[in-house]
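In what follows, a single structure is set out as structure tokens and then discussed.
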Amino acid sequence: MRIIAGSARGRKLASLPTDAIRPTSDRVRESLFSILGDVHDLVVVDGFAGSGALGLEAISRGARRAYFFDRSGRSTALIKENAQRTRAGRRAIIERCTFNQGLEEHLGQETPDLWFLDPPYHTTLAHKALEKMTTSPRVTAGALVVWESDVDEAVPHTPAFELEDERIYGRTRIQFLRRREDREPGAEAAPGSPPEDTGR
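For any residue, its number in the numbering used here is found by taking its place in the sequence shown, counting from 1, and adding 55.
In structure tokens:
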């Protein structure tokens, strides 16, 4: 696993020999950032960050800064190591917390432009995150959410976000969700949403 492009291009990223962390593959990450295009000067959130590969790729490509949220101590230690490897410096803000805690407590007055959601597959964590984001003042109109899931997972639905694009890479589904201008808090989950799960 390595950084694909930018100032840290080619630098190898550390990973853990465990199934607890499932980094986005280099091939999928390369395709994803090709679709995103220019991320220069954007503020990014890497939720359920794992190895931090997505946020660090964004920093390498010129993002102003990236927030990394993960409740695993092993993951946050790994992100710190990878931030050192890629010389991310103060542009990498790493917090050991759940996504919702990060959203509520660690962004200050920041309104990030780009949000990566890559939770463990077949959980309700992404659905819950989107519900929380619907009413958060930290998520403003035009913000883009990139959600990675297994191809068989139920698609999240909320009127607050518009599905702009969707790509399939083998067993991986990537969805691009744009925050709409109007807020509709309290929207019910779409039929067929997966049952509640406590996550990792």
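Yeah, the Cβ is synthetic: ideal placement off N, Cα and C, and Gly gets one too.
- Nearest neighbour of Arg226 by Cα position, chosen from Thr189, Glu208 and Ile134, turns out to be Glu208.
- In this structure, the beta-carbon distance from Arg193 to Thr166 falls below 8 angstroms.
- From the listed residues Leu169, Leu71 and Trp202, the smallest Cα separation to Ile114 is found for Leu169.
- When DSSP reads this structure, Leu172 sits in a beta bridge with Gly102 and Trp202.
- Check the Cα spacing between Trp202 and each of Arg82, Asn137 and Tyr176: the tightest is with Tyr176.
- Contact between Glu150 and Gly157 holds, with the beta-carbon distance rounding to 6 angstroms and staying under 8 angstroms.
- Leu71 is positioned such that its CB atom lies no closer than 8 angstroms to that of Met56.
- The C-beta of Thr189 has 16 or more other C-beta atoms within 10 Å across all chains shown, which makes the residue buried.
- DSSP places Asp96 outside both helix and strand once states are collapsed to three, so it counts as coil.
- Positions of the alpha helix (DSSP H) runs, each at least 4 residues long and wholly inside the region 116-168, are given as 128-140 and 154-160 in order along the chain.
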